[in-house]
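*Asks:* Can you keep this structure in mind? I'll have questions shortly.
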Amino acid sequence: MTTGTQKERIGFIGLGIMGLPMARNLIKAGYGLTVNNRGPEAEQALAAEGAKVARTAREVAEQSDIVITMLPDSPQVEEVVLGENGVAEGLRAGGLYIDMSSVAPSTARKVAEALKAKGADSLDAPVSGGQVGAEQATLSIMVGGSEDAFGRARPIFEAVGKNIVYIGGPGAGQVTKICNQIVVALTIQAVAEALTLARKSGVDAAKVREALLGGFAQSRILDLHGQRILDGNFKPGFRINLHRKDLRLALEAGREQAVPLFATAGVAELMNSMIAQGMGDLDHSGLAALYAQLAGLD
Numbered sequence: 117m118t119t120g121t122q123k124e125r126i127g128f129i130g131l132g133i134m135g136l137p138m139a140r141n142l143i144k145a146g147y148g149l150t151v152n153n154r155g156p157e158a159e160q161a162l163a164a165e166g167a168k169v170a171r172t173a174r175e176v177a178e179q180s181d182i183v184i185t186m187l188p189d190s191p192q193v194e195e196v197v198l199g200e201n202g203v204a205e206g207l208r209a210g211g212l213y214i215d216m217s218s219v220a221p222s223t224a225r226k227v228a229e230a231l232k233a234k235g236a237d238s239l240d241a242p243v244s245g246g247q248v249g250a251e252q253a254t255l256s257i258m259v260g261g262s263e264d265a266f267g268r269a270r271p272i273f274e275a276v277g278k279n280i281v282y283i284g285g286p287g288a289g290q291v292t293k294i295c296n297q298i299v300v301a302l303t304i305q306a307v308a309e310a311l312t313l314a315r316k317s318g319v320d321a322a323k324v325r326e327a328l329l330g331g332f333a334q335s336r337i338l339d340l341h342g343q344r345i346l347d348g349n350f351k352p353g354f355r356i357n358l359h360r361k362d363l364r365l366a367l368e369a370g371r372e373q374a375v376p377l378f379a380t381a382g383v384a385e386l387m388n389s390m391i392a393q394g395m396g397d398l399d400h401s402g403l404a405a406l407y408a409q410l411a412g413l414d
């Protein structure tokens with residue numbers, strides 16, 4: 117760990133639609149960055165902005181005080197952290213690992229235990245806010261792990277996000293994220309249903325949205341994704357494929373805790389239908405495209 121006013125060295129693994137802008141914001145905040153990604157284009161882009169490139173996750177960890185991952189799912193996190201040439205092999209005692217991916221709470225706890233045995237700390241810190249939030253450094257960050265590790269990581273979180281909440285012990289951040297994804301999915305579904313009904317009824321859906329934004333139905337999703345739906349703009353900020361994955365994690369957690377998640381299961385099936393039709397790379401607001409199709413509008 118670095119001391120005094122010197123910033124800690126950060127490793128960043130996973131430079132996708134979210135990870136790349138997050139890594140850029142860390143560079144802008146003055147952090148020295150070592151990166152690794154499956155594809156070379158993002159690595160090269162950040163190298164041109166001052167980042168170092170490492171060949172493996174282990175090399176990233178060996179060159180860093182803190183390692184961050186932003187990966188698609190639990191298997192990738194376990195492979196990158198606990199697998200051959202993984203983060204665990206290179207992270208020194210006293211190091212800190214932060215997973216900002218959305219994964220199963222059980223995966224977060226498994227990784228935390230493995231790194232604790234090596235004298236390193238860890239945080240699960242999934243985010244919400246999509247690509248725009250990543251680019252503008254306005255992400256909401258939900259953090260699980262030790263309070264000491266959270267205090268150490270807070271300046272890093274402040275470089276990439278705005279609403280930063282410490283939730284509790286290992287896995288608590290991931291539980292919070294899947295709760296978030298339930299609310300987001302069901303709200304998108306509600307907006308899609310409402311605007312589809314308006315269109316099918318021959319009513320101006322734009323005026324319906326305007327009216328609803330002034331009442332109790334107001335939400336950020338009605339505002340932003342409602343406009344996307346009106347525009348038919350489903351360019352991905354957060355893909356259906358990834359949101360369906362998050363709902364799978366929610367349903368798995370529901371089964372583990374014996375919590376019925378009827379509505380979550382329903383919207384997950386709608387997303388399954390979209391993926392089966394080759395629509396999985398649409399933005400999650402693209403649920404409205406499925407509703408339009410089912411209503412005979414398109």
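Read in order, the letters of the sequence shown are residues 117 to 414 in this note's numbering.
Glycine included, every Cβ here is placed at the ideal spot set by N, Cα and C.
The model shown is predicted, which means the values in this text are computed figures rather than measured ones.
1) Per the contact definition of three or more C-beta pairs closer than 8 Å, is the region 260–277 in contact with the region 351–360?
2) On the three-pair Cβ rule with 8 Å, is the region 206–215 touching the region 150–169?
3) Specify the secondary structure class of N201 as computed by DSSP and reduced to three states.
4) Can you tell me whether G277 is helix, strand or coil according to DSSP?
5) Quick one: what's got a C-beta closer than 8 Å to L346's C-beta in the same chain, skipping five residues either side?
6) For the region 394–402 against the region 161–181, are there 3 or more C-beta pairs whose distance is under 8 Å?
7) Can you tell me which of the three DSSP states T380 falls into?
8) Does the distance from the CB of V193 to the CB of V219 come in under 8 Å?
9) Of all the options D362, G318, E309, K226, which has the alpha carbon lying nearest to the alpha carbon of H341?
10) Identify every run of the beta strand (DSSP E) within the region 118–174, keeping only runs that are complete inside it and at least 3 residues long; order them along the chain.
11) Quick check: what's the CA-CA separation for R140 versus L255?
12) State the beta-bridge partners of I214 as determined by DSSP.
13) How far does the alpha helix (DSSP H) with L413 in it extend, from its first residue to its last?
14) Measuring only the C-alpha atoms, how far is P137 from A250?
15) Mind checking who M258 pairs with in its DSSP beta bridge?
16) Below 8 Å between beta carbons: does that hold for D237 and G287?
17) For the alpha helix (DSSP H) that contains K232, what are its first and last residues?
18) Just to confirm my understanding: we take E165, look at its own chain, exclude 5 residues before and 5 after, and list those with CB closer than 8 Å. What are they?
*Replies:* The short version:
1) no
2) no
3) coil
4) strand
5) L311, A321, A322, R325
6) Between the region 394–402 and the region 161–181 there are fewer than three inter-stretch CB-CB distances shorter than 8 Å, so the stretches are not counted as touching.
7) helix
8) Yes, these two residues count as a Cβ contact at 8 Å.
9) E309
10) 126–129, 149–152
11) 14 Å
12) I184, L239
13) L413 -> no alpha helix (DSSP H), and no H or E assigned at all.
14) Per the coordinates, the alpha-carbon of P137 lies some 6 Å from the alpha-carbon of A250.
15) V281
16) Their beta carbons are not under 8 Å apart, which means D237 does not touch G287 by this criterion.
17) 221–232
18) R140, I143
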